[in-house]
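Chains as they are written, first to last, in this note's numbering: chain S, 1 to 258; chain G, 259 to 601.
All C-beta atoms in this analysis are idealised placements derived from N, C-alpha and C, irrespective of residue type, glycine included.
In this text the structure is predicted, and so the values were computed from the model without any measurement.
First the structure, in the form of structure tokens, and then the observations on it.
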Amino acid sequence: MSAVMKSSTAAAPVLSASGLSKRFGAVVAAQDVSIDVAAGERVSLIGGNGAGKTTFVNMVTGYLKPDAGRITLGGQDVTALGPREITRRGVARSFQIPQLCAEMTVLDSVLVAASCGEGALSPWRPARTSARKDAALALLDRFALGGHARRRVSELPGGVRKLLDIAMALTGHPRLLLLDEPTSGVSADEKLPMMDTIMAALAGEPVAVLFVEHDMDVVDRYSDRVIAFWSGKVIADGSPAEALADEQVRRYVTGTAR
Amino acid sequence: MRETSVRRTVAAGVATIALLLAVGWMLPRWLQFLATMAFANGVVTLGIVLLMRGGVVSFGQGMVFAVGGYAAALGSNRLGITDALLLVPAGGLIAALVAAPFAPLLARYRGIFFAMLTLALSMVLYGVLVKSSTLGGSDGFNVARPTIAGQAISNAASGFAMYALAVVVTGVLAIACAVYFASVRGLVSLAVRENELRVEYLGGSVRRVMAGNFVAAAFLGGTGGALAALSLGHIEPEFSYWTRSGEFVFAAILAGHHGVIATFVASLLLEIVRSFSNLYFPNTWQLALGVFLLVVIRFLPRGIGSLWLDRRDRDAPAAGAQAEELQSQAPARNGTTLPGGAA
Numbered sequence: 001m002s003a004v005m006k007s008s009t010a011a012a013p014v015l016s017a018s019g020l021s022k023r024f025g026a027v028v029a030a031q032d033v034s035i036d037v038a039a040g041e042r043v044s045l046i047g048g049n050g051a052g053k054t055t056f057v058n059m060v061t062g063y064l065k066p067d068a069g070r071i072t073l074g075g076q077d078v079t080a081l082g083p084r085e086i087t088r089r090g091v092a093r094s095f096q097i098p099q100l101c102a103e104m105t106v107l108d109s110v111l112v113a114a115s116c117g118e119g120a121l122s123p124w125r126p127a128r129t130s131a132r133k134d135a136a137l138a139l140l141d142r143f144a145l146g147g148h149a150r151r152r153v154s155e156l157p158g159g160v161r162k163l164l165d166i167a168m169a170l171t172g173h174p175r176l177l178l179l180d181e182p183t184s185g186v187s188a189d190e191k192l193p194m195m196d197t198i199m200a201a202l203a204g205e206p207v208a209v210l211f212v213e214h215d216m217d218v219v220d221r222y223s224d225r226v227i228a229f230w231s232g233k234v235i236a237d238g239s240p241a242e243a244l245a246d247e248q249v250r251r252y253v254t255g256t257a258r
Numbered sequence: 259m260r261e262t263s264v265r266r267t268v269a270a271g272v273a274t275i276a277l278l279l280a281v282g283w284m285l286p287r288w289l290q291f292l293a294t295m296a297f298a299n300g301v302v303t304l305g306i307v308l309l310m311r312g313g314v315v316s317f318g319q320g321m322v323f324a325v326g327g328y329a330a331a332l333g334s335n336r337l338g339i340t341d342a343l344l345l346v347p348a349g350g351l352i353a354a355l356v357a358a359p360f361a362p363l364l365a366r367y368r369g370i371f372f373a374m375l376t377l378a379l380s381m382v383l384y385g386v387l388v389k390s391s392t393l394g395g396s397d398g399f400n401v402a403r404p405t406i407a408g409q410a411i412s413n414a415a416s417g418f419a420m421y422a423l424a425v426v427v428t429g430v431l432a433i434a435c436a437v438y439f440a441s442v443r444g445l446v447s448l449a450v451r452e453n454e455l456r457v458e459y460l461g462g463s464v465r466r467v468m469a470g471n472f473v474a475a476a477f478l479g480g481t482g483g484a485l486a487a488l489s490l491g492h493i494e495p496e497f498s499y500w501t502r503s504g505e506f507v508f509a510a511i512l513a514g515h516h517g518v519i520a521t522f523v524a525s526l527l528l529e530i531v532r533s534f535s536n537l538y539f540p541n542t543w544q545l546a547l548g549v550f551l552l553v554v555i556r557f558l559p560r561g562i563g564s565l566w567l568d569r570r571d572r573d574a575p576a577a578g579a580q581a582e583e584l585q586s587q588a589p590a591r592n593g594t595t596l597p598g599g600a601a
């Protein structure tokens, strides 16, 4: 790893991944990846296709089990746990292709998310109480989705679905939120406004955010820290200015090396 | 559904039960019996509707229908329990207990695999019942007329008494299902139907929801079986045969998965169509039933319930569009314009 400038934080990291490796046959998707994320940090993961960003996100959220290495959340080992158990320990994610319930309304989607976050799913406690609906609408308002509350998800444009996907992930008040390409499929003009909305919605939350991103303007503007991947390895880790100026990042990720 | 809405559901259910009891008093005996069977079958169908809301269809609901029926019949004939208020819930409970060990396994399967596994279970039971001489073999056996709350029922009053029992039992279960459908778990069931991955990533246990639905559907099926056996005064292995399970699926498709009332409307319609087809086309009544189903699927693909529930849904997006319009007139939040016109 060249020009690695790990940020040092006094507090215990929310996420600590050490020595993660993952192979798919002959393809090395992750190789000795070690990343710590502190509470409240905004960290972007960059790299070309197949660099290992989504594999890392999938390992942290329990979708993939690493071949080697260890993942802890607030000091608790979660390496062997599945998505549901990891979600219950305060990790939430959104998806590159939003994972929603197409025939539900936007409001019901958030109520489902809130219900799942409450633990035991009661067979008699009403799902649509005034208090629950008010809380859901308040969350939707934070994402500027209040006007869509009664629309079916299948009727929503792509960008709005992305925001709903993230809003649903936030209902359980996670300590770590992973966003897989939150601006993919959104027009260039809409990317920054969309990120403004997301960051404004997250402003009051003490949540660490890790987001996979290809747009370097977005990365530069919204990250406290940038981690660059190439060929399953971390090749740079530092502030946006430092990481984006790194020689390997310029050669393998941004393609701006002379 | 708010807490007040739960009370409203219960109040509406109790009023409907009272109305059905009053109407039933005036019905001719043959129609009382037809309605009794429609209610008994409707409870079983309600179990399939409950499963459909989670995205699976059981083709073996005949199994729990038979278990409930045999449990009530054996309780009456062998154990000397004569009261229907004990026999009917016992049928439901024993069916749920029989189904429970299979629930964790079946919760792992979807689509045709779930349907075929449940069908296989019902046919295994059918095979056992047909070969078991102690349970009456292929002819089954008769069941004595039960008492209700300790009161013996005369022959003249038996039609209305069994009708009233069916109305009260199915009414209570219908209210319970309406509350469940509007509950936290009921809403998450609908999400499981659409996107299991998302539910797991939100922290919900898909398998627990599916297993719970399977056991609840078994309870409903067993209760329906007990009601049917006591009303008919007879039980036989045909209760578990695949054609019987098919009829329940038929009724569930007719009803759609959106509500409770539609299930009983569909069950009653099916019973009427079957009875009259049987009367006027004794050799080809299945043909008439098939044509009826084709017509329903062609014109009401979301079931009978869509006749009134789709109208409600159409009103909801309209309200949403109004709110959107109002919001678009308000100053933009966060100073941004979002994709899709949301501000």
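In the DSSP assignment, what are the bridge partners of residue 35 of chain S? In DSSP, residue 35 of chain S forms a bridge with S:17.
Alpha-carbon spacing of residue 382 of chain G relative to residue 424 of chain G, whole angstroms: 29 angstroms
Distance cut-off 7 angstroms: residue 290 of chain G Cβ against heavy atoms of the ligand MN: No copy of the ligand MN occurs in the structure displayed, which carries no ligand at all.
Rounded C-alpha distance that separates residue 159 of chain S from residue 152 of chain S: 15 angstroms
Looking at C-beta atoms only, is the number of pairs between the stretch 477-497 of chain G and the stretch 275-282 of chain G that lie closer than 8 angstroms three or more? no
Is residue 127 of chain S close to chain G? Criterion is C-beta to C-beta, closer than 8 angstroms. yes
Supposed contact pair residue 384 of chain G and residue 493 of chain G - C-beta distance, whole angstroms, cut 8 angstroms: Residue 493 of chain G to residue 384 of chain G, Cβ: 13 angstroms. No contact.
Shortest alpha-carbon distance to residue 218 of chain S belongs to which of S:229, S:204 and S:196? Nearest C-alpha to residue 218 of chain S: S:196.
Reduced DSSP category for residue 117 of chain S - H, G, I as helix; E, B as strand; rest coil: Note: residue 117 of chain S maps to helix in three-state DSSP.
From residue 71 of chain S to residue 17 of chain S, what distance separates their C-alpha atoms? 4 angstroms
Using the Cβ count rule (16 or more neighbours within 10 Å means buried), how would you classify residue 44 of chain S? buried
Between the alpha carbons of residue 465 of chain G and residue 61 of chain S, how many angstroms are there, rounded? 19 angstroms
Once DSSP output is grouped into helix, strand and coil, what is the label at residue 70 of chain S? strand
Verify whether the separation of the beta carbon atoms of residue 394 of chain G and residue 477 of chain G is less than 8 angstroms. no
Check the Cβ-Cβ distances between residue 38 of chain S and every residue of chain G, and say whether any is below 8 angstroms. no
Residues of the stretch 466-484 of chain G with a CB closer than 9 angstroms to any CB of chain S: list them in chain order, please. Residues passing the 9 angstroms Cβ filter: 466, 467, 470 and 474.
Give me the chain S residues within the contact set of residue 518 of chain G, using Cβ-Cβ distance strictly less than 7 angstroms, ordered along the chain. By Cβ distance, chain S contributes nothing, its closest Cβ being about 15 angstroms from residue 518 of chain G, past 7 angstroms.
Rounded to the nearest angstrom, how far is the Cβ of residue 380 of chain G from that of residue 500 of chain G, given a contact under 8 angstroms? That pair is a contact at about 7 angstroms.
Using a beta-carbon distance below 8 angstroms, is residue 216 of chain S in contact with chain G? So no, residue 216 of chain S is outside the interface.
Looking at residue 226 of chain S: is its Cβ nearer than 8 angstroms to the Cβ of residue 235 of chain S? no
Taking the C-alpha atoms as reference points, what is the distance between residue 427 of chain G and residue 294 of chain G? A direct Cα-Cα distance of roughly 11 angstroms separates residue 427 of chain G from residue 294 of chain G.
What residue ranges within the stretch 382-463 of chain G form continuous alpha helix (DSSP H) runs of no fewer than 4 residues, ordered along the chain? 416-439, 442-452 and 454-459
What is the residue span of the beta strand (DSSP E) that residue 229 of chain S lies within? 225-230
Below 8 angstroms CB to CB, which residues in the same chain sit around residue 54 of chain S once its five sequence neighbours on both sides are set aside? 96, 180 and 212
Compile a chain-ordered list of the residues in the stretch 120-148 of chain S whose CB is closer than 7 angstroms to at least one CB of chain G. Flagged, chain order: 121, 122, 123, 124, 125, 126, 127, 128, 129, 130, 144, 145, 146, 147 and 148.
Among G:453, G:508 and G:564, which residue has its Cα nearest to the Cα of residue 318 of chain G? G:508
Pull up the distance between the alpha-carbon of residue 78 of chain S and that of residue 103 of chain S, whole angstroms please. 34 angstroms
Assumed close pair residue 172 of chain S, residue 117 of chain S - CB separation to whole angstroms, cut-off 8 angstroms: 3 angstroms
Residues near residue 575 of chain G in its chain [Cβ-Cβ closer than 7 angstroms; skip 5 each side]: Any reading at residue 575 of chain G is ruled out, since the residue's pLDDT is 48, under 50, leaving its predicted position unreliable.
Minimum Cβ-Cβ distance from residue 117 of chain S to chain C less than 8 angstroms: In summary, chain C is missing from the structure at hand, where the protein chains are S and G.
Measure the C-alpha to C-alpha separation of residue 513 of chain G and residue 450 of chain G and round it to an integer number of angstroms. 20 angstroms
Determine whether the beta carbon atoms of residue 441 of chain G and residue 126 of chain S lie at a separation below 8 angstroms. yes
Residue span of the alpha helix (DSSP H) that contains residue 304 of chain G, given as start and end: 287-311
Per DSSP, what kind of secondary structure is residue 174 of chain S in: helix, strand or coil? coil
Proximal chain G residues relative to residue 84 of chain S, where beta-carbon distance stays under 9 angstroms: 457, 458, 459, 460, 461, 462, 463 and 464
Using a Cβ cut-off of 7 angstroms, pull out every chain G residue sitting near residue 103 of chain S, in sequence order please. 452
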